[in-house]
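Enquirer:
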Amino acid sequence: MLKSNTTPKNILILISGSIACYKVCTVISQLKQKNYSIKVVMSEAAQKFIGIATIEGLSSEMPITDMYAGGSVMDHIHLARWADLILLAPATANTINKMAAGLGDDLITTLFLAHDFQKPFLLTPAMNTKMYNHPTTQKSLTELKKMGVEILETASGVLACGEVGYGRLLEPDLIIKAVESRMTGCEKIKSIEKNIQNVNRKKILITSGGTQEPIDDVRVITNKSTGKTAAFICDQLIESGFEVTYLHAENAKLPMFDCDKVSYLSFQDIDLKISDLLTKNNFDYIIHAAAISDYSVVKSANGKIDSDEEYLTLQLKKNPKLIQKIKKLSPNSKLIGFKLTSTTDATTIQNKINGLFEMAHCDYVIQNDWATVKTGRSVFNLYSKNNKTENLTVDDLVIEITQIILNQESV
Ligand SMILES: Cc1cc2nc3c(=O)[nH]c(=O)nc-3n(C[C@H](O)[C@H](O)[C@H](O)COP(=O)(O)O)c2cc1C
Numbered sequence: 316m317l318k319s320n321t322t323p324k325n326i327l328i329l330i331s332g333s334i335a336c337y338k339v340c341t342v343i344s345q346l347k348q349k350n351y352s353i354k355v356v357m358s359e360a361a362q363k364f365i366g367i368a369t370i371e372g373l374s375s376e377m378p379i380t381d382m383y384a385g386g387s388v389m390d391h392i393h394l395a396r397w398a399d400l401i402l403l404a405p406a407t408a409n410t411i412n413k414m415a416a417g418l419g420d421d422l423i424t425t426l427f428l429a430h431d432f433q434k435p436f437l438l439t440p441a442m443n444t445k446m447y448n449h450p451t452t453q454k455s456l457t458e459l460k461k462m463g464v465e466i467l468e469t470a471s472g473v474l475a476c477g478e479v480g481y482g483r484l485l486e487p488d489l490i491i492k493a494v495e496s497r498m499t500g501c502e503k504i505k506s507i508e509k510n511i512q513n514v515n516r517k518k519i520l521i522t523s524g525g526t527q528e529p530i531d532d533v534r535v536i537t538n539k540s541t542g543k544t545a546a547f548i549c550d551q552l553i554e555s556g557f558e559v560t561y562l563h564a565e566n567a568k569l570p571m572f573d574c575d576k577v578s579y580l581s582f583q584d585i586d587l588k589i590s591d592l593l594t595k596n597n598f599d600y601i602i603h604a605a606a607i608s609d610y611s612v613v614k615s616a617n618g619k620i621d622s623d624e625e626y627l628t629l630q631l632k633k634n635p636k637l638i639q640k641i642k643k644l645s646p647n648s649k650l651i652g653f654k655l656t657s658t659t660d661a662t663t664i665q666n667k668i669n670g671l672f673e674m675a676h677c678d679y680v681i682q683n684d685w686a687t688v689k690t691g692r693s694v695f696n697l698y699s700k701n702n703k704t705e706n707l708t709v710d711d712l713v714i715e716i717t718q719i720i721l722n723q724e725s726v
C-alpha cells in the first residue's frame with residue numbers, strides 16, 4: 316500500500332516500444348496538469364516511437380533512458396523508492412514476457428525486479444491481437460497478476476496493423492482514471508484498507524451484458540445491453556476490496572481491474588454457468604444485471620438460412636425466469652435484481668418491482684427506465700422491501716450498494 320503519512324503524488328511511468336506510445340503522451344500531460352510529479356523511463360524501442368524532447372516537455376523532466384549513465388547508476392533503486400505508483404504503459408509483449416521471466420537487462424525490467432509490491436504496479440498492454448493471445452504472453456500476464464501486478468484490460472477495436480481484436484491500448488482517460496483511483500490521497504487508500512479488513516473478502520457475483528439467441532450459425536437475436544453499468548459496479552467493488560466474479564456476455568464491457576471472469580453467450584449458456592457458479596461458491600451478494608432473453612428460438616438452423624426467402628417464420632419459446640432460480644440454488648446469498656422498465660406509469664413499475672421481490676425473492680431491486688438509458692445517463696431507483704431511494708446516478712448507486720454489502724454479515 317501507499318506511504319501512509321504523505322499524500323501520494325509521485326508517479327513513475329515506464330514506456331516500452333509500441334506503436335501506441337503516442338497515447339501515453341496524453342496520459343503524462345493530463346496527470347501533470349493535475350499536479351502529480353511524473354518521472355518517465357523509456358526503453359530503447361520506445362525512443363523510436365516518441366522523442367525524448369516530447370516527454371521532457373510534457374513531464375518537465377528529462378526521461379531516464381540509460382541504466383548506466385554516469386551519475387544515475389542507482390536510479391533503479393531510487394526511482395522505485397521515489398514512486399507512489401508505477402505505471403507501465405504501453406507494455407509490449409517483449410517487456411511483459413521479460414518481466415514474468417525475471418529478466419533485468421534494461422532499466423524497466425530491472426526496476427520491476429527492484430519492486431517490492433508495497434505500492435501499486437499497473438500495467439496496460441498494447442500489441443497486435445496475435446501477440447496478445449500468444450500463449451507466452453498470456454502465461455506471462457497470468458504470472459504477473461499472481462505476483463501482484465495489476466493488469467488493466469486492453470481494449471478491443473481496430474489495431475494499427477488493421478486487425479480487429481484485443482490488444483489495443485486502453486484509452487488515455489481510462490488509464491488516468493485507473494491511476495487516479497490509486498492516487499486520490501491517503502484518506503481513500505486508508506478507507507480502502509479499512510474496507511478490506513471490514514469486508515472480510517466478501518464474495519460478490521455480478522452478471523452483465525445481454526444474451527444472444529442463435530437463429531442459425533451466423534445470426535442471433537440479442538438486446539442492447541452493453542454491460543457498462545455492471546462493469547463500472549464491478550470495478551468499484553474490486554476497488555473496495557471485495558472478491559468479485561464477473562459473469563459476462565462475450566461482447567459485454569469488461570471491468571478495468573482484475574477479477575475472476577466467466578463468459579456466456581445464450582440463455583442456455585448463462586443458465587448452465589450461473590448454476591455451476593452458484594453450486595460451487597458461497598456468494599455473499601449476487602448482483603444480477605444481465606439482460607436475459609425472455610424467448611429463445613425453438614430450433615436454430617444449421618449453417619446459414621437462405622436470404623432469398625420472402626418471409627421467414629421463427630418459432631420462439633418462453634424461457635424460465637433465470638432470476639427466480641438464483642435463491643433456489645443459493646438461498647443464503649443476498650440478491651440484487653435489476654429491472655429495466657419502459658413506461659412512465661408508476662403502478663406498472665411498482666408491480667414489476669413487487670414481482671421481483673415475490674417471485675425471485677430479491678433483497679433489493681434496482682430499477683431504471685429506458686428513457687434515461689437512451690440519453691446515456693441512466694437514473695436509478697433502489698428498492699428494498701420497505702424503502703425506496705430515488706434518482707441515483709451510477710456513482711450514487713455504487714455507494715449505496717457498497718454500504719449495503721458492508722453492513723451485511725458474511726454468509
Ligand atoms: C512499427 C512497430 C510497431 C510495434 N508495435 C508494437 C506493439 O504495439 N506492441 C508490442 O508488443 N510490440 C510492438 N513492436 C515490437 C517492439 O517494438 C519490439 O518487440 C521491441 O523489442 C520492444 O522493446 P521494449 O519492450 O524493450 O520496448 C512494434 C514494432 C514496430 C516496428
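Take any residue in the sequence shown, note its place counting from 1, add 315, and you have its number in my numbering. The beta-carbon is built from N, C-alpha and C at its ideal position, and this holds for glycine as well. Owing to the predicted nature of the structure, the values given are computational and were not obtained by experimental measurement.
Closer than 7 Å by C-beta to R594: which residues in its own chain qualify, once you throw out the five before and the five after it? Chain order, please.
Expert: The residue given as residue 594 occupies position 279 in the sequence shown. It is worth fixing the name first, because residue 594 is Thr in this sequence and not Arg. The answer, listed in chain order, is L644.
Enquirer: By Cβ distance below 6 Å, which residues in the same chain neighbour T541 in space, the five residues on each side in sequence not counted?
Expert: Your numbering for residue 541 matches position 226 in the sequence shown. The answer, listed in chain order, is K568.
Enquirer: For T687 and V356, I'd like the C-alpha separation in whole angstroms.
Expert: The residue you call residue 687 lines up with position 372 of the sequence shown. The residue you call residue 356 lines up with position 41 of the sequence shown. Their Cα atoms are separated by approximately 45 Å.
Enquirer: With a threshold of 16 other CB atoms inside 10 Å of the CB of Y383, please say whether the residue is buried or exposed.
Expert: Numbered from its first residue, the sequence shown carries residue 383 at position 68. Result: exposed.
Enquirer: For the structure I just gave you, are there three or more beta carbon pairs, one from the region 523 to 531 and one from the region 592 to 612, closer than 8 Å?
Expert: Yes, since at least three Cβ pairs between the region 523 to 531 and the region 592 to 612 fall closer than 8 Å, the two stretches touch.
Enquirer: For ligand 1, any of its heavy atoms closer than 6 Å to the Cβ of N409?
Expert: The residue you call residue 409 lines up with position 94 of the sequence shown. Answer for N409: yes, Cβ within range of ligand 1.
Enquirer: May I ask which residues mark the beginning and end of the beta strand (DSSP E) holding K492?
Expert: As a position in the sequence shown, residue 492 is number 177, starting the count at 1. Unbroken run through K492 is the alpha helix (DSSP H), P487 to M498; no beta strand (DSSP E).
Enquirer: Looking only at its own chain, which residues have a Cβ that is under 6 Å from the Cβ of K324, when we skip the five neighbours before and after it?
Expert: In the sequence shown, the residue the question calls residue 324 occupies position 9. So the qualifying residues of the chain are Y351 and S352.
Enquirer: How many angstroms separate the CA atom of I720 from the CA atom of Y600?
Expert: Looking up residue 720 in the sequence shown gives position 405. Looking up residue 600 in the sequence shown gives position 285. If you take the alpha carbons of I720 and Y600, they lie about 7 Å apart.
Enquirer: Go through its chain and collect everything with a Cβ distance to Q362's Cβ below 7 Å, but skip five positions before and after it.
Expert: The residue labelled residue 362 in the question sits at position 47 within the sequence shown. For Q362, where only same-chain residues beyond five positions count, the Cβ hits under 7 Å are T380.
Enquirer: Go through the region 646 to 708 residue by residue and report every complete run of the beta strand (DSSP E) that reaches 3 residues or more, in order.
Expert: 649 to 656, 679 to 684, 695 to 699 and 702 to 707
Enquirer: Would you call the CB atoms of P450 and T341 closer than 7 Å?
Expert: The residue you call residue 450 lines up with position 135 of the sequence shown. The residue you call residue 341 lines up with position 26 of the sequence shown. Contact: no.
Enquirer: Taking only three categories from DSSP, how would you classify R534?
Expert: Taking the sequence shown and counting its residues from 1, one reaches residue 534 at position 219. DSSP places R534 in coil when its eight states are reduced to three.
Enquirer: What did DSSP end up calling D575 once you bin it into helix, strand or coil?
Expert: Here residue 575 refers to the residue found at position 260 when the sequence shown is read from its first residue. DSSP places D575 in strand when its eight states are reduced to three.
Enquirer: So who's on the other strand from L394, going by DSSP bridges?
Expert: Sequence index remark: in the sequence shown, residue 394 carries index 79 (1-based). None; L394 has no bridge partner.
Enquirer: Flag this pair as yes or no: are the beta carbons of I330 and V339 separated by less than 7 Å?
Expert: Looking up residue 330 in the sequence shown gives position 15. Looking up residue 339 in the sequence shown gives position 24. Yes, these two residues count as a Cβ contact at 7 Å.
Enquirer: At a cut-off of 6 Å, would you count M357 as near ligand 1, judging by its Cβ distance to the nearest heavy atom?
Expert: Counted from its first residue, the sequence shown places residue 357 at position 42. No, since every heavy atom of ligand 1 falls outside the 6 Å radius drawn around the Cβ of M357.
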